[in-house]
Amino acid sequence: PVVGGKARAVSKSAKLANVCYDIRGPVLERAKQMEDEGQRIMKLNIGNVAHFGLMPPEEIVQDMIHNLPDTAGYTDSKGLFAPRKAIMHYSQEKGISGVTIDDIYLGNGASELIVMSMNALLNPGDEVLLPAPDYPLYTGAVALSGGTPVHYVCDEASDWMPDIADMRQKITPNTRAIVIINPNNPTGALYPREVLEQIVQLAREHQLIVFADEIYDKTLYDDAEHVSIASLADDVLFLTFNGLSKNYRACGYRSGWMIVSGEKRHARDYIEGLNMLASMRLCANTPGQLAIQTALGGYQSIKDLVAPGGRLRRQRDLAYELLTAIPGVTCVKPKAALYLFPRLDPKMYPIADDQQFILELLEAERVLLVQGTGFNWKSPDHFRVVFLPHEDDLREAIGRIARFLEGYRKR
Ligand code: PLP
Numbered sequence: 010p011v012v013g014g015k016a017r018a019v020s021k022s023a024k025l026a027n028v029c030y031d032i033r034g035p036v037l038e039r040a041k042q043m044e045d046e047g048q049r050i051m052k053l054n055i056g057n058v059a060h061f062g063l064m065p066p067e068e069i070v071q072d073m074i075h076n077l078p079d080t081a082g083y084t085d086s087k088g089l090f091a092p093r094k095a096i097m098h099y100s101q102e103k104g105i106s107g108v109t110i111d112d113i114y115l116g117n118g119a120s121e122l123i124v125m126s127m128n129a130l131l132n133p134g135d136e137v138l139l140p141a142p143d144y145p146l147y148t149g150a151v152a153l154s155g156g157t158p159v160h161y162v163c164d165e166a167s168d169w170m171p172d173i174a175d176m177r178q179k180i181t182p183n184t185r186a187i188v189i190i191n192p193n194n195p196t197g198a199l200y201p202r203e204v205l206e207q208i209v210q211l212a213r214e215h216q217l218i219v220f221a222d223e224i225y226d227k228t229l230y231d232d233a234e235h236v237s238i239a240s241l242a243d244d245v246l247f248l249t250f251n252g253l254s255k256n257y258r259a260c261g262y263r264s265g266w267m268i269v270s271g272e273k274r275h276a277r278d279y280i281e282g283l284n285m286l287a288s289m290r291l292c293a294n295t296p297g298q299l300a301i302q303t304a305l306g307g308y309q310s311i312k313d314l315v316a317p318g319g320r321l322r323r324q325r326d327l328a329y330e331l332l333t334a335i336p337g338v339t340c341v342k343p344k345a346a347l348y349l350f351p352r353l354d355p356k357m358y359p360i361a362d363d364q365q366f367i368l369e370l371l372e373a374e375r376v377l378l379v380q381g382t383g384f385n386w387k388s389p390d391h392f393r394v395v396f397l398p399h400e401d402d403l404r405e406a407i408g409r410i411a412r413f414l415e416g417y418r419k420r
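Residue numbers for the sequence shown, in full-length UniProt numbering: 10 to 420.
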């Protein structure tokens, strides 16, 4: 803008200094540019499920169409009664006790509620323990809220389990909360009860809140079972996040929820803050809210996709086989979710800057991935692969990655 004849630069706020979200960062910008130039990019970068022909159950789509004419109004800030009731039943099924309608908040995707829950909690100097690697929204949300993200390591050598000793060692008097992403994005790890119990014990000892992201809790392979950490105690405060984006393949409907459970009595002030922020954004989109009870009460079609012979299961197996057949590439086989997080042997692939590496792959082979450091993984030796494309496309894309890596070794 020109003020008094002089142009004044418009800068972003200082709050954004430590905020980043590389999944949609500079490499994606370059990919878009290439597409505008007419190139076809193979996108293994974003868990945008419906984009790969994995559509939401028809029952949900038809309900959305049916409900649309009556959903033009705002709702209660926390959300409509019927979907919250359905979520209450779902939390009972998962063994989370003492959840009332009042403890359930609907959001425009889980993302909105994740940011809200951090904003309502954190003061400058407050620390939140986050996994490394993480889903980077958490690191961004903590930083945006004025808090300090502190990463605990997940251990690749033990199937990407959280390193409890590291977690313990990073707790300070300023630590307010622990975030766990279970099932995990980007590693595909699924935490057994014993690991969750240790985390609950730490939270109990140090009076920490547990934020549990369970958005992939039905996307499970090999007959795995998901345990909600909030079902393991009622003397710790839990905020559990979930939604329709992944298990019901409806990312674009922007429909998520948050359940507050456990030790709520001492959190009245925080809950008041959550209610205020929920009111300020008025409400979650109404059509998306109404899809929830249809989804939770309907046929759980994700089971067909993850069962032996199911599309997601076949794609996971194929992507895993093809990637681990590349010299110097190792990977923990995912037990859940939609991603692989392979490691490149640094001796064979001496990468200094993994964003540059991913950009070179894009330019050379027109395959789009996200670099490991985009998930707050410290060393430049990992990348994330989304295994949503059909088998033929996965074969083609991973073939191109293998060819690029072969060239890289010969440099
Ligand atoms: N949490 C995790 C772990 C995710 O992977 C994602 C999306 O990829 C989200 C939350 C975002 O969910 P929503 O679409 O409900 O905002």
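Where a beta carbon is used, it is the ideal one built from N, C-alpha and C, also for glycine. In this text, all values refer to a predicted model and were calculated from it rather than measured experimentally.
Using only Cβ atoms and a threshold of 6 Å, which residues come within that distance of a heavy atom of ligand 1? Order them by chain position. Gly56, Gly118, Ala119, Ser120, Tyr144, Ile190, Asn194, Asp222, Ile224, Gly252, Ser254, Cys260 and Gly265
8 Å CB neighbourhood of Ile50 in its chain, flanking five on each side removed: Ala40, Met43, Glu44, Leu371, Arg375, Val376 and Leu377
Alpha carbons only, please: which of Pro140, Leu332 and Glu214 is nearest the one belonging to Asn194? It is Pro140 whose Cα lies nearest to the Cα of Asn194.
Does the structure place the stretch 200-218 close enough to the stretch 73-80 that three or more beta carbon pairs sit under 8 Å? no
Taking only the alpha-carbon atoms, compute the straight-line gap between Asn256 and Asp226 and give it to the nearest angstrom. Approximately 7 Å, taken between the alpha carbons.
Do you know how far the Cα of Trp386 is from the Cα of Asp143? Straight-line spacing of the CA atoms in Asp143 and Trp386 works out to 8 Å.
Under three-state DSSP, which class holds Phe61? helix
With 16 as the cutoff for other CB atoms within 10 Å, does Tyr99 come out buried or exposed? buried
Assuming the contact rule is C-beta atoms closer than 8 Å, Ser154 and Met176 should be a hit. Round their C-beta distance to whole Å, please. Incorrect: roughly 21 Å between the Cβ atoms, too far for contact.
How big is the Cα-Cα spacing for Lys94 and Ile110? 6 Å
The alpha helix (DSSP H) with Tyr114 in it runs from where to where? From DSSP, Tyr114 is part of no alpha helix (DSSP H) but of the beta strand (DSSP E) over Ile113 to Gly116.
So, Ala119 versus Arg258, is the Cβ gap smaller than 7 Å? no
Kindly indicate the opening and closing residues of the beta strand (DSSP E) around Glu136. Glu136 to Ala141
Taking Asp244 as the reference, which of Lys312, Ile224, Gly107 and Leu77 has the closest Cα? Gly107
If you draw a straight line from the C-alpha of Thr333 to the C-alpha of Val209, how long is it? 35 Å
Apply the 10 Å Cβ neighbour rule to Ser167 and answer buried if 16 or more other Cβ atoms are within range, or exposed otherwise. exposed
Are Glu223 and Asn251 touching if we call contact CB-CB under 7 Å? yes
Sheet register partners of Trp386 (DSSP bridge): Note: Trp386 sits in no beta bridge, so no partner.
By DSSP's criteria, Gly265 is part of a beta bridge. Which residues make up the other side? Gly265 is bridged to Gly116 and Gly252.
What did DSSP end up calling Pro171 once you bin it into helix, strand or coil? strand
So is Thr181 buried or exposed if we call it buried at 16+ other beta carbons inside 10 Å? Exposed, because fewer than 16 other Cβ atoms sit within 10 Å of the Cβ of Thr181.
Which residue from Asp112, Ala361, Asp31 and Glu67 puts its Cα closest to that of Met97? Asp112
For Thr382 and Arg33, I'd like the C-alpha separation in whole angstroms. In this model, Thr382 and Arg33 are separated by some 13 Å (Cα to Cα).
Beta-carbon spacing of Leu331, Ile407 below 7 Å: Contact: yes.
I'd like the ranges of any alpha helix (DSSP H) spanning at least 4 consecutive residues and lying wholly in the stretch 152-218. 173-178 and 202-215
Under 8 Å: do the stretch 11-28 and the stretch 147-161 share three or more Cβ pairs, one atom per stretch? yes
For Ala239 and Gly271, which I take to be in contact (beta-carbon distance under 8 Å), what is that distance rounded to the nearest angstrom? 6 Å
In chain order, what residues of the same chain lie with their CB nearer than 7 Å to the CB of Asn294, ignoring the 5 residues before and after it? Excluding positions up to five away in sequence, the list reads Asn117 and Arg263.
In chain order, what residues of the same chain have a beta carbon less than 8 Å from the beta carbon of Ala186, not counting five sequence neighbours either side? Answer for Ala186: Leu130, Val137, Leu138, Leu217, Ile218, Val219 and Phe220, listed in chain order.
Return the CA-CA distance between Lys273 and Arg393, expressed in angstroms with no decimal places. Answer to the nearest angstrom: the Cα atoms are 37 Å apart.
Taking the beta strand (DSSP E) that Phe392 falls in, what are its first and last residues? Phe392 to Val395
Which residue spans inside the stretch 329-410 form an unbroken beta strand (DSSP E) run of at least 3? 392-395
When you compare only the Cα positions, how much space is there between Lys312 and Val159? 36 Å
How is the alpha helix (DSSP H) around Asn284 delimited, first residue to last? Arg277 to Met289
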